[in-house]
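To convert a position in the sequence shown, counted from 1, into the working numbering, add 1. For every residue, glycine included, the Cβ atom is placed at its ideal position computed from N, Cα and C. Presented below is the structure to which this report refers.
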Amino acid sequence: MPETPSPSLRERKKVETWTALHEAAASLAQQIGVDQATVEAIAESAGVSPRTFFNYFPAKEDAVLGLREPVLDPDESAKLTGTADLLGQVSLLLVAVARSATGDTDAVRRRELLQRHPNLFRRQMDYMVKAEALVCEAVTEALAQDPAWSGRAEGFSPEETARMLVMLAAVPVKFRATSPDFDPVTGLTPGDLAPALALFHHLQRKLS
Numbered sequence: 002m003p004e005t006p007s008p009s010l011r012e013r014k015k016v017e018t019w020t021a022l023h024e025a026a027a028s029l030a031q032q033i034g035v036d037q038a039t040v041e042a043i044a045e046s047a048g049v050s051p052r053t054f055f056n057y058f059p060a061k062e063d064a065v066l067g068l069r070e071p072v073l074d075p076d077e078s079a080k081l082t083g084t085a086d087l088l089g090q091v092s093l094l095l096v097a098v099a100r101s102a103t104g105d106t107d108a109v110r111r112r113e114l115l116q117r118h119p120n121l122f123r124r125q126m127d128y129m130v131k132a133e134a135l136v137c138e139a140v141t142e143a144l145a146q147d148p149a150w151s152g153r154a155e156g157f158s159p160e161e162t163a164r165m166l167v168m169l170a171a172v173p174v175k176f177r178a179t180s181p182d183f184d185p186v187t188g189l190t191p192g193d194l195a196p197a198l199a200l201f202h203h204l205q206r207k208l209s
């Protein structure tokens, strides 16, 4: 099995700077609040210039929450198939892409910051919308390549069909994420989603 190449010095420095800025922003937000945690204060605490800050984050709220541009793993999107529980596949892909926007940052701290500063939810939701858009693109491509789905459904384009499918796939995810026993620290796993998907399919059969 080929070895994963080690990151270059430049890549390591970028990760270190990103982490330093995120840690500084989150710590300052906890100590003095998001409004008082200015970009200048965050940059100074991280030991970089305000100009450097904007090379890593478009806004201080992104730095506070440790948000990154979501990414879609080509290997994961390539697994999409219109045969075996496509809705479940898309639900899991949504979770994976959404998690790429938050990475392995401190989930406990992020939850506390969101609770203390509800205005941060809007910024996080912006990234979730980006994640959904990426999944929509992947689903559109998968449907276009599948003869069973490539035809226009009742006059709707593949893009519209994919968008509806992604919206439906988000229902089990949101259902599980809002359950009383959901732990946002550990997040969602395929096992967590299984019961919610089973309930969704049960209701689908009842309603159809």
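- Less than 9 Å divides the Cβ of Gly104 from the Cβ of Gly67.
- The beta carbons of Leu88 and Ala163 sit no closer together than 9 Å.
- Pairwise C-beta distances place the region 166-182 in contact with the region 133-149, as three or more of them are shorter than 8 Å.
- Within the same chain, and ignoring the five residues on either side of Gln31 in sequence, no residue has its Cβ closer than 6 Å to its Cβ.
- Counting C-beta pairs with one atom in each stretch, the region 91-109 and the region 180-194 have three or more that are closer than 8 Å, which means they touch.
- Rounded to whole angstroms, the separation of the alpha carbons of Ser50 and Lys15 is 14 Å.
- With a 10 Å radius around the Cβ and a threshold of 16 neighbouring Cβ atoms, Arg117 comes out exposed.
- For Leu189, there is no enclosing alpha helix (DSSP H), as DSSP marks it with neither H nor E.
- The continuous alpha helix (DSSP H) containing Pro173 extends over residues Pro159 to Ala178.
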